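Just below is one structure, and these are the notes that go with it.
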Amino acid sequence: MTDIRQTLEYANYLKSNGWIVERINGINYFIKKLPLLGSILKLQRPKEIDFKIIKKLSKKYGVFQTIIEPDLGITVSLKGNPSNTRPFTKNKSIHDLMLSRGFKLSKSPYLPTKTLQIDLSQTQKQIFEKFSKDCRYSIRKGSGLIIKEYSTPEEIKKFRNAWKNSVNFKRFVPSVKQLINLKKCFPRNYSTFLASHNNLGNIIGGAIFTRSARDFSYYWQAFTNYEGRTSLSQYPLLYHGILWAKKQGCKVFDFEGIYDFRFPNKNWLGFTHFKKSFSGSEILYPGCYTKFNLLKDGE
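Residue numbers for the sequence shown follow UniProt numbering, beginning at 1 and rising by one.
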């Protein structure tokens with residue numbers, strides 16, 4: 001299955017945000033130029049790590065830092081030759097390989113290192129019955145809420161304004177331009193912006209769901225205001241997203257991150273409790289590996 005970070009849609013989205021994307025042998029390499037310092041090279045959830053290509057791109061773009069966040073069950077090309085590859089299916093093997101190449105395990109990963117996934121091949125009834133008792137109750141309680149899709153630029157602007165007004169000023173909220181670009185790069189049934197409303201028609205919560213071809217669907221981003229939280233609107237909103245993903249024929253619904261004790265962040269605890277009420281299988285990724293001055297290394 002293909003992670004969303006390795007799709008053409010995501011590559012186009014990062015391009016719209018100022019990143020350079022080199023797509024080689026079906027793998028996305030993301031490059032960001034920084035004034036005076038040089039460039040950052042980022043490789044996220046690839047099915048293969050080719051160190052020869054990384055070295056070439058590092059020279060081409062003057063890379064001073066390389067960031068690799070491996071997928072599960074990756075293949076590693078040691079000499080840039082597809083016939084000379086080695087599969088790695090255990091996190092320890094990946095870890096040892098990255099350390100041997102001069103990389104260090106970062107304490108601040110860019111992508112979630114642990115997540116929950118729901119098997120969407122189950123029937124809707126089977127999926128629902130696996131939710132916790134409180135989760136099922138909350139979905140039923142919020143069944144009367146109005147949930148609408150937002151897709152046009154004007155609608156997305158309204159969606160974003162509600163988001164900004166719902167959260168603490170310190171919390172990052174994507175710009176209107178970024179959200180519109182996200183919708184453009186994941187058009188039609190490749191993404192959906194859903195919002196829940198109170199009886200007055202005001203937005204009290206919202207969520208963005210994206211998908212990767214016919215494989216994965218993602219709980220991309222979400223927000224609720226005080227009224228949305230007290231009315232438990234986030235439960236039916238997320239359930240709508242799960243059903244949307246199933247309708248699109250996706251195989252897996254990914255919650256895009258839960259609390260990971262290896263990289264503790266207390267801000268994730270509350271959201272993790274909420275996500276776990278929907279059940280699912282826990283998935284543990286190797287982590288994020290970083291390396292500076294890759295240009296000085298030989299092969």
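Idealized CB from N, CA, C, for every residue including glycine. All values derive from a computational prediction rather than experimental measurement.
Listed as beta-bridge partners of residue 193 by DSSP are 150 and 208. DSSP places residue 28 within a strand segment (E or B) once states are collapsed to three. DSSP places residue 69 in no alpha helix (DSSP H) but in the uninterrupted beta strand (DSSP E) bounded by 63 to 69.
Within the same chain, and ignoring the five residues on either side of residue 250 in sequence, the residues whose Cβ sits closer than 6 Å to its Cβ are 120, 211 and 217.
Given a length threshold of 3 residues, each whole run of the beta strand (DSSP E) inside the stretch 264 to 292 is given here in chain order: 281 to 284 and 289 to 292. Contact annotation: residue 131 and residue 279 have beta-carbon atoms nearer than 7 Å.
With fewer than 16 neighbouring CB atoms inside 10 Å of its own CB, residue 123 falls in the exposed class.
By alpha-carbon distance to residue 167, the top candidate from 8, 188 and 204 is 204. Here the C-alpha atom of residue 263 lies approximately 7 Å from the C-alpha atom of residue 108.
By the Cβ test, the stretch 19 to 31 is not in contact with the stretch 224 to 244, since fewer than three Cβ pairs between them sit closer than 8 Å.
Beyond the five residues adjoining it in sequence on each side, residue 68 comes within less than 6 Å, by CB distance, of 43 and 289 in the same chain, given in chain order. In the DSSP assignment, residue 123 is bridged to no other residue. The Cβ neighbour count for residue 285, taken over all protein chains shown within 10 Å, is at least 16; the residue is labelled buried.
Under the 8 Å Cβ criterion, the stretch 111 to 120 counts as touching the stretch 255 to 269, having at least three qualifying pairs.
In this structure, DSSP gives residue 110 a state outside helix and strand, which the three-state scheme calls coil. Under DSSP, residue 22 shares a beta bridge with 29.
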